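Going by the working numbering, the sequence shown opens with residue 4, and the numbers climb by one from there. C-beta: ideal position from N, C-alpha, C; glycine also. Bear in mind that the values here come from a model prediction, so they are computed numbers and not experimental data. Structure first, commentary second.
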Amino acid sequence: MRSFNDILETLKGTEKRVISVACAQDDDVLLAVESARERDIADAVLVGDADRIREIAEEKGIDLNNYKIVDIKDKNEAAREAVRIVSTGQADMLMKGIIGTADFLRAVLDKEIGLRTGRVLSHVAVFEIPGFDRLMLLTDVAMVIAPDLKTKIDIIQNAAEVAEKIGIAKPKVAALAAVEVVNPDMPSTLDAAALAKMSDRGQLKDIIVDGPLALDNAVSLEAARHKGITSEVAGMADILLAPDIEAGNVLYKAITYFAGGMVSGIVMGAKAPIILTSRSDSDEAKLNSIALATLVSSK
Numbered sequence: 004m005r006s007f008n009d010i011l012e013t014l015k016g017t018e019k020r021v022i023s024v025a026c027a028q029d030d031d032v033l034l035a036v037e038s039a040r041e042r043d044i045a046d047a048v049l050v051g052d053a054d055r056i057r058e059i060a061e062e063k064g065i066d067l068n069n070y071k072i073v074d075i076k077d078k079n080e081a082a083r084e085a086v087r088i089v090s091t092g093q094a095d096m097l098m099k100g101i102i103g104t105a106d107f108l109r110a111v112l113d114k115e116i117g118l119r120t121g122r123v124l125s126h127v128a129v130f131e132i133p134g135f136d137r138l139m140l141l142t143d144v145a146m147v148i149a150p151d152l153k154t155k156i157d158i159i160q161n162a163a164e165v166a167e168k169i170g171i172a173k174p175k176v177a178a179l180a181a182v183e184v185v186n187p188d189m190p191s192t193l194d195a196a197a198l199a200k201m202s203d204r205g206q207l208k209d210i211i212v213d214g215p216l217a218l219d220n221a222v223s224l225e226a227a228r229h230k231g232i233t234s235e236v237a238g239m240a241d242i243l244l245a246p247d248i249e250a251g252n253v254l255y256k257a258i259t260y261f262a263g264g265m266v267s268g269i270v271m272g273a274k275a276p277i278i279l280t281s282r283s284d285s286d287e288a289k290l291n292s293i294a295l296a297t298l299v300s301s302k
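Here you go:
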């Protein structure tokens, strides 16, 4: 799949999934959910302030007869209920509405009703970027602040699971750094080199990792050739592994605002996909994220 349109086309005629939306009283969230329903991608349970949900629905021309609404005014309690709906099998995926990420994740990780699996939870962003002939994955931009080597392995595996769902059977992962050589003063280059060696030895099944690679060498064959870098990944990366959350977040927003890239984002590693988008993301970006989560949650 080379575009979000390809993902949407793939979902046509597939089994409809159900989203549990935490604090659904948000314009773009409701528009995205309605668009997903109209496209027969997913239905939704709207958890949150029912009065405000109705006000927005009336403004936007959304018929709420198509939805189940659970009226909970308190945002933290609404998040807990939305999570419970997923953990009890009444919905296939969880979506963050107008609630702070920390409060939302507190409900996700709740030991009693949460969606823990023992795996690392990490954010996987998928981009459709003008000028590129394929979808590009970037991780982690929103969850893990400063991942160590072991955590980076989990982050890669979460992203590879998404890549497999969009048709990339053996994804190429570029472990990003500021330089292409190992520098003991730059820990990210040491991690990248270790990951590359693990990949060479087959420790990362069906995943090819190389690094350290600067961004240009990861996505441009010409740049890689100019610097004499020869590998299966250089210039052809499917997944960009950020060295830390700051680098990943800056790149995420640069692609969106400077390059005009279309984006989707989900959290992997939980019992079900979690649609976690920025409050500033458009309803189109949120629809793309719903489509991606639906694809990932499909059997």
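Assignment of beta strand (DSSP E) within the stretch 183–217, counting only whole runs of 3 or more residues, yields 211–216 in chain order. Counting along the chain, residue 140 sits inside the beta strand (DSSP E) bounded by residues 138–142.
Excluding residues up to 5 positions away in sequence, 238 lie with their Cβ nearer than 8 Å to the Cβ of residue 228 in the same chain. If the five residues before and after residue 86 are omitted, its C-beta is found closer than 8 Å to the C-beta atoms of 23, 25, 97, 110, 111, 113, 116, 117 and 118, all from its own chain and listed in chain order. Collapsing the DSSP output to three states places residue 301 in coil. For residue 118, the secondary structure class from DSSP, reduced to helix, strand or coil, is coil.
According to DSSP, residue 83 shares a beta bridge with no other residue. The alpha carbon of residue 222 has as its nearest neighbour, out of 189, 132 and 294, the alpha carbon of 132.
No Cβ-Cβ contact shorter than 8 Å links residue 199 with residue 244. In this structure, residue 44 and residue 67 do not form a Cβ contact; the two beta carbons are roughly 18 Å apart against a cut-off of 8 Å. The residues 179, in chain order, have a CB closer than 8 Å to that of residue 250 in the same chain once the five nearest residues on each side in sequence are set aside.
Setting aside the 5 residues that flank it on each side, residue 248 is surrounded in the same chain by 148, each with a C-beta closer than 6 Å to its C-beta; the list follows chain order. Ranked by how close their Cα comes to the Cα of residue 130, the residues 90, 242 and 172 have 242 in first place. For the 8 Å CB-CB criterion, residue 94 and residue 51 do not form a contact.
In the DSSP assignment, residue 126 forms a beta bridge with 270. Assignment of beta-bridge partners to residue 51 by DSSP yields 74.
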